[in-house]
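Remember, our numbering sits 2 above the position in the sequence shown when you count from 1. Structure first, commentary second.
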Amino acid sequence: MFCFPAMDESLPPFWATTQMSVQPFCSTEGSISGFSRIETRSQRQSKALKEHTASNALPEFGKSSSYTFSNYFIPVVKSVMPLPELDWADPKEVWAKMLEKERKYSRDPLYFRKHSFIQPRMRAILLDWLTEVCEVYRLHRETYYLAVDFVDRYLSVKHDIAKQRLQLVGTTALFIAAKLEEIYPPKISEFAYVTDGACTENEILHEELLMLKGLCWNLTPITVNSWLNIYLQLSCVTSKNGKTSNFSIPNYSQPRFVEVAQLLDLCILDVGSLQFSYSILAASALYHMLPVNVEQATGHSREELHPCIQWMTSFAHIIMEKGAATIRSFEQVQREDAHNIQTHAVDIASLDKALALQSTLGKETAENRSRSPNIESFKPLTPPSSTKKPALDSVIMIE
Numbered sequence: 003m004f005c006f007p008a009m010d011e012s013l014p015p016f017w018a019t020t021q022m023s024v025q026p027f028c029s030t031e032g033s034i035s036g037f038s039r040i041e042t043r044s045q046r047q048s049k050a051l052k053e054h055t056a057s058n059a060l061p062e063f064g065k066s067s068s069y070t071f072s073n074y075f076i077p078v079v080k081s082v083m084p085l086p087e088l089d090w091a092d093p094k095e096v097w098a099k100m101l102e103k104e105r106k107y108s109r110d111p112l113y114f115r116k117h118s119f120i121q122p123r124m125r126a127i128l129l130d131w132l133t134e135v136c137e138v139y140r141l142h143r144e145t146y147y148l149a150v151d152f153v154d155r156y157l158s159v160k161h162d163i164a165k166q167r168l169q170l171v172g173t174t175a176l177f178i179a180a181k182l183e184e185i186y187p188p189k190i191s192e193f194a195y196v197t198d199g200a201c202t203e204n205e206i207l208h209e210e211l212l213m214l215k216g217l218c219w220n221l222t223p224i225t226v227n228s229w230l231n232i233y234l235q236l237s238c239v240t241s242k243n244g245k246t247s248n249f250s251i252p253n254y255s256q257p258r259f260v261e262v263a264q265l266l267d268l269c270i271l272d273v274g275s276l277q278f279s280y281s282i283l284a285a286s287a288l289y290h291m292l293p294v295n296v297e298q299a300t301g302h303s304r305e306e307l308h309p310c311i312q313w314m315t316s317f318a319h320i321i322m323e324k325g326a327a328t329i330r331s332f333e334q335v336q337r338e339d340a341h342n343i344q345t346h347a348v349d350i351a352s353l354d355k356a357l358a359l360q361s362t363l364g365k366e367t368a369e370n371r372s373r374s375p376n377i378e379s380f381k382p383l384t385p386p387s388s389t390k391k392p393a394l395d396s397v398i399m400i401e
């Protein structure tokens, strides 16, 4: 049976993340931040400014009040276009469309506030179960990550979905994703079967209509798996003159892909991944696992990647402890396509270890900051030494 536990009131809010310090973009002198008090009445009259706002629309403040401007500006970061010259399209236009599409397919990192009966761990257990289903039916990684995207975006626009319905949501998302991505998708009867009676065929069909309407039929996101394929291709096939002969044909090694993919499989289980875009997640995973020039291969600057890289550190540590990744062989799956099959290589136990390590690292960081009042400047991203990087049930039960 598919059973969810009662809500754990002691569970800390998942949105309680560490706030990052942002340095002022403007210097104190001659900037908005330099003003400490609004000018006096006599100074205002001497300037004889024309008033454009109705007086009755302005708030009333006491004469003794003082106001301080503390505006901080985040520097505008321009993404570099990493695509090489293409024979079939303008690379700048293609890259711009990709970034525009990523902004369109957004997820709400705080959507659990809309659902009183669903906890973040329930999502993790659901996704863990979906990976098992994908492995049993030899579904592709892209199918799995499409389903994950559908689940997150669907829950972002809905309210108060019952926990008993969560498995139906996940099953329906995988059902839709399989029809989009797989050549021979499993039949709806097979999706109902893997739930052990928790979901019927009619319920899946009904939920499918609700999900398609909730997603406004936007079913083609650029998933984190797609970004990983693009980044690995950029890091491997770009020649010295910036041209590639067959950019659409994968030229990267399969073991390298699996190494980074397993890290993403673990990270996606945690709700903290919702605060980052798919392109940022894939780029950060690439930084942790492979000795490549991440900024050149992804087009993202170190300022953009730094928060996600810091968050992902504990997850990368757990994956490296597991050792070299192996590519499984499947019947009726060609060897050159085996790395694209979603496997159940990470589990909830790995997630728990990563979160425990993340908590420990967070406490150590807080202690170090309390000892030193000075804020350390941002250091350039240096990939870890290559010697420290690895070479390469049909029913969900929630206890």
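Built from N, CA and C at the ideal position, the CB exists for glycine as well.
Pull up the DSSP beta-bridge partners for residue i, would you.
i	result
ILE343	HIS142
Tell me the DSSP secondary structure of residue i in three-state form.
i	result
ARG258	helix
LEU276	helix
ALA200	coil
ARG123	helix
ASN253	coil
VAL151	According to the sequence provided, residue 151 is Asp. The question's Val does not apply to it. Reduced to three states, the DSSP call for ASP151 is helix.
LEU211	helix
GLY325	coil
SER158	helix
GLU297	helix
GLN235	helix
ARG319	The sequence as given places His at residue 319; Arg does not occur at that position. Residue state, collapsed to three classes: helix.
ASN227	helix
ALA356	helix
Mind checking whether residue i and residue j have CB atoms under 8 angstroms apart?
i	j	result
PHE193	ILE185	no
THR173	CYS201	yes
ALA284	VAL296	no
GLN344	HIS117	no
MET314	ALA347	no
ILE270	LEU359	no
LEU268	VAL226	no
LEU214	ALA179	no
VAL260	ARG140	no
PRO84	LEU212	no
VAL262	LEU292	yes
ILE163	PHE177	no
GLU183	THR145	yes
Out of the options, which one is the CA nearest neighbour of residue i?
i	options	result
HIS161	LEU112, LEU129, TYR139, ASP130	LEU112
GLU306	SER228, ALA318, VAL294, SER281	SER281
CYS218	VAL262, SER237, TYR156	TYR156
ASP82	VAL96, LEU214, ALA126	A small correction: the amino acid at residue 82 is Val; Asp does not occupy that position in the sequence shown. That would be VAL96, whose Cα lies nearest to the Cα of VAL82.
LEU101	MET314, GLU261, GLY301	GLY301
GLN169	SER303, ARG125, LYS106, GLN264	ARG125
ASP339	PRO309, LYS103, SER255, THR362	SER255
ASP272	GLN264, PRO122, GLN298	PRO122
Are there 16 or more other CB atoms within 10 angstroms of the CB of residue i, so buried, or fewer, so exposed?
i	result
LYS165	buried
PHE278	buried
PHE332	exposed
VAL171	buried
ARG330	exposed
ARG258	buried
ASP354	exposed
ILE251	exposed
GLY325	exposed
ARG115	exposed
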